[in-house]
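Presented below is the structure to which this report refers.
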Amino acid sequence: MWLFMLPSLVVMTVVLAYPLASAIYYSFLRYYLGGGAPQFIGLANYLELLADARFWGDLLNTVIIVGASVVLQLVVGLALALALYAATRGVRLISLLNFLPNVVTPVVGAIFLKWMFIGRFGLLDATLISFDVYPPNWLGDPVWAKISLILADTWKFMPFLMLVLYAGLQAFDTQLLEAAQIDGANAWQRLRYVILPTMKPLILFVVAIRAMDAFRFFDLVYVITNGGPGTATETITLYTYQIGFRMLEVGKASALGVLTLIIVAAMIAGLIVLMSRRGREAF
Amino acid sequence: MPHAVTRRHLLAASAAALAAPAVRTAHAADAAVQLISHRYPGLEYYAEKLKSSLPGVAVDTRLMQAPDAIQLQRLALSSGSAQLDILWANSITLASYAKSGWLEPLDDLWAKHKDEFNLGDYNQGSVAGCSYDGHIYGMPLTTNTMLYAYRSDLYDEKGLKPATTWDDYIANAKALNSPPRRYGVVLALKSDMVNNEMHSAMNTVGDGWFDKDWRPTFNDDRGIKAVDTIKRLAQYSVPGFTAVHNDEHTVNMSQDIAAQGQQWATRCATMDNPDKSRVVGKIKWTVMPEGGKQVMISDTYCISRFTGKDKDMLFRLLASALREENQRGAAALMTPPRNAVLGDPALQEKYRWYPAVSQCLAVAKPLPALPEFSEASEIINKRIVQAIVGQMETKAALDAAATEVQAMLAQRGYYK
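Protein sequence lines, in the order shown, are assigned to chains A and B.
Remember, this note's numbering sits 343 above the position in the first sequence when you count from 1.
Remember, this note's numbering sits 599 above the position in the second sequence when you count from 1.
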């Protein structure tokens, strides 16, 4: 039995356990990549980060962007999944077209989106101006820049939620809907009291997966706004990148990586507890 | 019959694994020369020239925006990788890399090949821009500076003159601002472009970035006034300027979206290229207001200290790619560092921005010669943008930047 597990254990050790252990080890060092020997400083990197207003600002940005985009993706994804479920023709074609943004390489998708949002000669501005509509400052205004990123993330990842929820609807027991219909329930009541409660475990599952993924939000924000204007759209992962790859402070970047891991793990643990209370079948 | 894994098999596998690094090293020595470089038309030209400069030497070029190139270079150099052989650097990254011991000093190779490649023809300013601590670390590509680019047709229409003060510069931007059709100015305030755009104002309105002991001066009263000057100017800028880097800036100027702005000398040729520009012949260039003191950066090719290739061959490759004939071919794209090309009257006449480039170079001011300037500017640039877009008060933003930069420099051994 152990021999069968050996290859996967080796892979897990190389790609997961070793980097994680290294990151934890480095997080206790003052380690500047530009020169000088690494120096053990205990928890100083963590304390420095926890006292850093930029860290808390970036955490808030991340929560706002992740929260808003996951909610938007869930609402739009569920609506589209229900529309596909109700549709009788062209379902495959529509779902395929909807899924395309999700298969585009993230950086390519981000460049494409940047040239849509960019001021004045971007696709959005050019289109709005041609209709005499004065466009907002998509990437230059702190609030609009956040909204632009939320829209970009939704465009990219909503299809994933749509497809999973649509697959869930395929397994739905239609007798429940027929019974509700006979009892006189209208479309809204069937959705509110039959479909949503039945799908709740699946919904919580995809939200957990998406939220965990979105928390590591990097490529879109790096290409589209680079965290700007100022730090208005700077997320925790982008700050980690800035510290590690721009400031070359490997120790501090590792500490921030470990802190992010703890935050995401706590968030997912909370969701698991929530799900296990609602119904153990979710996991 | 199943194949049993015997001790002999394990020994053979172990030997193969042990031999792999040697095979890899031998392969690396024969493989193509690896270049990581920033990308603009002049660098694209030289990247192509490198591929055919030395017979039998293949060159693999990876060109990208400066921040991405610098990041990749740092990763390769800090890990002592032999997979990076030659690299583009500017004055700031060259100082940083040289201080870290990541670049090969070229003094001996320079002396050895001086006659063969007529290296004495390089102007001394360009060679100084490729040097650190008294040693030459780079082969000069160009000395780039920013020019005050303006639409002469629109200026004439409104009876405007090129600004000699920042107030005039802002007034001209206001007079020509007619959004959404066209904006009075284009600013590029994404990542490293912030300090390039700010440099002139910081040196003319402000007291510069640092004092002689590397203590911040950008947050004194005049520094605050300098940032507020750019903040006033930003009202008339093409929107989204915090996400604008050089490429988007060039599009804004060449596509008739902005009436004026600071423009790199290396981007001037695009303005007169009918395939890329809607404003051919309409843009003129001069010195930034109040005496310029705008940014000047030497671009250079360096050799990694960790390369597995023959360093003499790499030097000859670079020197050959930058020979006079090739520099004449690149003259439209970047200011040549060879005196024979730069001083050629025919070229001065052919490329109409050359006189302005010469004027601007005469009054330009290099970025601070602080090897950690890249890292310091990461901090300062974010705070300046926060001030310009109104996320923070200017004084609070600059004071925060000063505190953070001093803490960073203190950790790196300054102020002792």
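All C-beta atoms, glycine included, are put in the ideal place defined by N, C-alpha and C.
Can you tell me whether B/Thr1002 is buried or exposed, with buried defined as 16 or more other CB within 10 angstroms of its CB? Classification for B/Thr1002: exposed.
Contact defined as beta carbons within less than 8 Å: I believe A/Ser438 pairs with A/Tyr509. What is the distance between those atoms, to the nearest angstrom? With a Cβ gap of about 7 Å, A/Ser438 and A/Tyr509 count as contacting.
Which residue from A/Ala360, A/Leu545, A/Thr356, A/Ile579 puts its Cα closest to that of A/Ala596? Closest by C-alpha distance to A/Ala596, out of A/Ala360, A/Leu545, A/Thr356, A/Ile579, is A/Ile579.
Could you tell me if A/Gly433 is buried or exposed, where buried requires 16 or more neighbouring beta carbons within 10 angstroms of its beta carbon? So A/Gly433 counts as exposed.
Under 8 Å (Cβ pairs) to chain B, residues found in the region 356 to 377 of chain A: If the cut-off is 8 Å between Cβ atoms, the region 356 to 377 of chain A has Arg373, Tyr375, Leu376, Gly377 near chain B.
For A/Pro479, which option in A/Ile493, A/Ile461, A/Ala530 has the closest C-alpha, if you only look at C-alpha atoms? Nearest of A/Ile493, A/Ile461, A/Ala530 to A/Pro479, Cα basis: A/Ile461.
Entirely enclosed beta strand (DSSP E) segments - the region 868 to 900 of chain B, minimum 3 residues: Listed in chain order, the complete beta strand (DSSP E) runs (minimum 3 residues) inside the region 868 to 900 of chain B are 882 to 885.
Rounded to a whole number of angstroms, what is the C-alpha to C-alpha distance between A/Val354 and B/Gly860? Rounded to whole angstroms, the gap between the alpha carbons of A/Val354 and B/Gly860 is 53 Å.
Among residues of its own chain, excluding the 5 on either side of A/Gly377, which ones have a beta-carbon nearer than 8 Å to its beta-carbon? Cβ within range, chain order: Leu591.
Check whether the Cβ of A/Trp498 lies closer than 8 Å to any Cβ atom in chain B. Closer than 8 Å: no.
Across the region 862 to 871 of chain B and the region 744 to 753 of chain B, are there enough close Cβ pairs to call them in contact, namely three or more that are closer than 8 Å? With the cut-off at 8 Å, the region 862 to 871 of chain B and the region 744 to 753 of chain B touch.
What is the residue span of the alpha helix (DSSP H) that A/Met355 lies within? For A/Met355, the enclosing alpha helix (DSSP H) begins and ends at 345 to 355.
Output yes or no for whether 8 Å exceeds the beta carbon distance between A/Ala575 and A/Lys489. Less than 8 Å divides the Cβ of A/Ala575 from the Cβ of A/Lys489.
At a CB distance below 8 Å, what residues from the region 583 to 601 of chain A approach chain B? Give them in sequence order. Within the region 583 to 601 of chain A, the residues whose Cβ lies closer than 8 Å to some Cβ of chain B are Gln585, Phe588, Arg589, Met590, Leu591, listed in chain order.
List the whole-angstrom C-beta distance separating B/Ala929 from B/Gly641, where the pair is believed to meet the contact cut-off of C-beta under 8 Å. B/Ala929 to B/Gly641, Cβ: 6 Å. Contact.
Reference B/Ile685, options B/Phe972, B/Leu916, B/Gly700, closest by Cα: Comparing Cα positions, the closest option is B/Leu916.
With 16 other CB atoms within 10 Å as the buried threshold, where does A/Phe626 fall? Confidence is the limiting factor: at A/Phe626 the pLDDT is only 42, short of 50, which leaves the residue's position unreliable and the question unanswerable from this model.
Kindly list the residues whose CB is nearer than 6 Å to the CB of B/Leu775, restricted to its own chain and excluding five residues on each side of it in sequence; keep chain order. These residues qualify, in order along the chain: Leu753, Gly783, Ala858.
Report yes or no: is there a C-beta of chain A within less than 8 Å of the C-beta of B/Val984? Using a Cβ-Cβ cut-off of 8 Å, B/Val984 counts as an interface residue toward chain A, since at least one Cβ of chain A sits closer than that to its own.
By the three-class DSSP mapping on this structure, what secondary structure does A/Gly385 have? The DSSP-derived three-state label of A/Gly385 is coil.
Work out the CA separation of A/Arg553 and A/Pro350 for me, nearest whole Å. Straight-line Cα distance between these residues: approximately 29 Å.
Expressed to the nearest angstrom, what Euclidean distance is found between the alpha-carbon atoms of A/Phe442 and A/Phe548? Roughly 19 Å between the two C-alpha positions.
Looking at chain A, is there any beta carbon in it that lies within less than 8 Å of the beta carbon of B/Ala787? Under the Cβ criterion of 8 Å, B/Ala787 is not counted among the residues facing chain A.
Taking only beta-carbon positions, decide if B/Phe840 is within less than 8 Å of chain A. Chain A contact via Cβ: present.
Using a 10 Å radius around the Cβ and a threshold of 16 neighbouring Cβ atoms, would you call A/Tyr536 buried or exposed? Exposed, since its Cβ has fewer than 16 Cβ neighbours within 10 Å.
Could you run through the region 972 to 1002 of chain B and flag, in chain order, every residue whose CB is less than 7 Å away from some CB of chain A? Residues of the region 972 to 1002 of chain B that bring their beta carbon within less than 7 Å of a beta carbon in chain A comprise Glu974, Glu977, Lys981, Val984, Gln985, Val988, Gln990, in sequence order.
CB-CB under 7 Å to B/Cys759, same chain, minus the five flanking residues each way: which ones, in chain order? Looking at the sequence shown, residue 759 of chain B is not Cys but Leu. Within the same chain, B/Leu759 has close Cβ partners Asn771, Ala774.
Proximal chain B residues relative to A/Pro544, where beta-carbon distance stays under 9 Å: Ordered by position in chain B, no residue passes the 9 Å Cβ test against A/Pro544, which lies about 40 Å from the chain.
Nonlocal neighbours in the same chain, by C-beta distance under 6 Å from A/Tyr374, ignoring five residues either side: The answer, listed in chain order, is Pro381, Val593, Gly594.
Is there a Cβ of chain B sitting closer than 8 Å to that of A/Gly571, yes or no? Residue-level contact by beta carbon holds for A/Gly571 and chain B, with a gap shorter than 8 Å.
Could you spell out where the beta strand (DSSP E) holding B/Ser636 opens and where it closes? DSSP places B/Ser636 inside the beta strand (DSSP E), whose first and last residues are 632 to 637.
Any chain A beta carbon closer than 8 Å to B/Gln664: No, because no Cβ of chain A sits closer than 8 Å to the Cβ of B/Gln664.
In the structure shown, what three-state DSSP assignment does A/Leu372 receive? Of the three classes helix, strand and coil, the one that applies to A/Leu372 here is strand, per DSSP.
Interface flag, A/Leu349 vs chain B, CB-CB below 8 Å: Not closer than 8 Å to any Cβ of chain B, the Cβ of A/Leu349 fails to qualify, so no.
Rounded to a whole number of angstroms, what is the C-alpha to C-alpha distance between A/Leu520 and A/Lys543? Rounded to whole angstroms, A/Leu520 and A/Lys543 show a C-alpha spacing of 16 Å.
Which residues of chain B have a Cβ atom closer than 9 Å to the Cβ of A/Phe464, listed in chain order? Residues of chain B with a Cβ closer than 9 Å to the Cβ of A/Phe464 are, in chain order, Val837, Glu847, Val850, Asn851, Gln854, Ile856.
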